[in-house]
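Enquirer:
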Amino acid sequence: MERQRKRLRIQKASKETKASERYMEESGVITRIERQKSGAPRYNIHIDGTYRFAVHEDVLVKWSLSKGMIVDTEKMESILQEEERNKVRQTAFRYVGYKPRTLQETKRFLSGKGFAEEYVIQVVADMETKGYLDDRLFAGNWVEERRRTKGYGVAVLRQELLRKGISPTCVEEAVSRIEEEDEVAIARTTAEKRYRRLADQPWQVVERRLGQYLIRRGFSSSLVRRLLADFRKRHQEGE
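Residue numbers for the sequence shown follow full-length UniProt numbering, beginning at 1 and rising by one.
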């Protein structure tokens, strides 16, 4: 019995030794960390005296990488995955830094850069959670800006937001804030500017061109008819 126990202990010790040897084969020690000469916050990682990979400073800090640290295969894979996620994150922040973007625009841009869909989804979701991406806020600001600078009506604004990937719910919420009297005022101002360029034409020409123009600008057919009735009287009085 004692001999059998001794044999089992020897076998167990042998297995542990082999496991340790296998771990050492699959592991390495960080022997050098150097900042890249480009000036970017990136660092070259050397393991067992050989360059193995580079990481952003954020990844270096997050994983507390330091000289003398043992890095096995599993940890190295995790670090490289985090590095890839960080690349997606840095690219996304540069993209939204130029001007406000929608969730869908950001996803399309990152996917177009060739990043893995898994990381794109994770990064965009994280940016939305932290408020860096907000489709509801984007839609509201877009409506105000486009009405102020372009004088667009509801229909065009709705189409623009939908093309940017804003959900129908957020789109309707944004355009529903537009007061009817404001829509009429913008439509009238837009019509007035266009009418000046058509005033010397016969009414039939004015009616067709002005009506088509207002529809293209996003104003409803009922509102366009109301405005055309007003301009018809004016045009006839001026003849």
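Glycine included, every Cβ here is placed at the ideal spot set by N, Cα and C.
1) Can you tell me the Cβ-Cβ gap for E173 and R136, rounded? I've got them flagged as a contact below 8 Å.
2) Let me check understanding here. Comparing Cα to Cα, which of E117, S176 and R52 lies closest to V71?
3) Which value, in whole angstroms, describes the spacing of the CA atoms of F115 and V88?
4) Which first and last residues belong to the beta strand (DSSP E) in which D72 is found?
5) Within the continuous alpha helix (DSSP H) that includes F115, where are the two ends?
6) Taking T149 as part of the alpha helix (DSSP H), name the residues at either end of that continuous run.
7) Taking the alpha carbon of E34 as the point to measure from, which residue in E74, L65, V143 and I45 has its own alpha carbon closest?
8) F138: which of H56, E117 and K99 sits nearest, CA to CA?
9) Can you check the region 170–238 for any alpha helix (DSSP H) of at least 4 residues that lies completely inside it and give the ranges in chain order?
10) So the candidates are L60, E117, R32 and G151; which of them puts its Cα closest to the Cα of G218?
11) Go through its chain and collect everything with a Cβ distance to R42's Cβ below 6 Å, but skip five positions before and after it.
12) In whole angstroms, what separates the C-alpha of G49 from that of N86?
13) Would you mind reading off the limits of the beta strand (DSSP E) that contains A40?
14) Please report the distance separating the alpha-carbon of A125 from that of V96.
15) Under the rule that 16 or more other beta-carbon atoms within 10 Å means buried, what is V171, buried or exposed?
16) Roughly how many whole angstroms lie between the Cα atoms of G153 and S66?
17) Tell me whether Y51 sits in a helix, a strand or coil according to DSSP, three-state version.
18) Please classify G112: is it buried, with 16 or more other beta-carbons within 10 angstroms of its beta-carbon, or exposed?
19) State the start and end residues of the unbroken alpha helix (DSSP H) segment that holds R101.
20) With a 10 Å radius around its C-beta and 16 neighbouring C-beta atoms as the bar for buried, classify F231 as buried or exposed.
21) For W203, which residues from the same chain have a beta carbon less than 6 Å from its beta carbon, with the 5 sequence-adjacent residues on both sides left out?
22) According to DSSP, is I33 part of a helix, a strand, or is it coil?
Expert: Quick answer:
1) Yes, they are in contact, since the Cβ atoms of E173 and R136 sit about 7 Å apart, within 8 Å.
2) Answer by Cα proximity: R52.
3) Cα to Cα, F115 sits roughly 7 Å from V88.
4) Run containing D72: I70 to D72, per the beta strand (DSSP E) assignment.
5) Where F115 is concerned, there is no enclosing alpha helix (DSSP H), because DSSP gives it neither an H nor an E.
6) Start and end: D135 to K150.
7) Checking every option, the nearest Cα to that of E34 belongs to I45.
8) Among H56, E117 and K99, the Cα nearest to that of F138 belongs to K99.
9) Segments of the alpha helix (DSSP H) lying fully in the region 170–238: 180–198, 203–216 and 221–238.
10) The shortest C-alpha separation from G218 is found at G151.
11) The residues Q36, A54 and H56, in chain order, have a CB closer than 6 Å to that of R42 in the same chain once the five nearest residues on each side in sequence are set aside.
12) Each residue's Cα considered, the two are about 26 Å apart.
13) No beta strand (DSSP E) contains A40, which DSSP labels as neither H nor E.
14) Each residue's alpha carbon lies about 14 Å from the other.
15) Looking at its Cβ environment, which holds 16 or more other Cβ atoms inside 10 Å, V171 is buried.
16) Taking the straight line joining both Cα atoms gives about 59 Å.
17) Looking at Y51 - three-state DSSP - the assignment turns out to be strand.
18) Its Cβ having fewer than 16 others within 10 Å, G112 is exposed.
19) Neither: R101 is in no alpha helix (DSSP H) and is coded neither H nor E.
20) F231 is classed as buried because its beta carbon has at least 16 other beta carbons within 10 Å across all chains shown.
21) Around W203: H235.
22) Strand, per DSSP.
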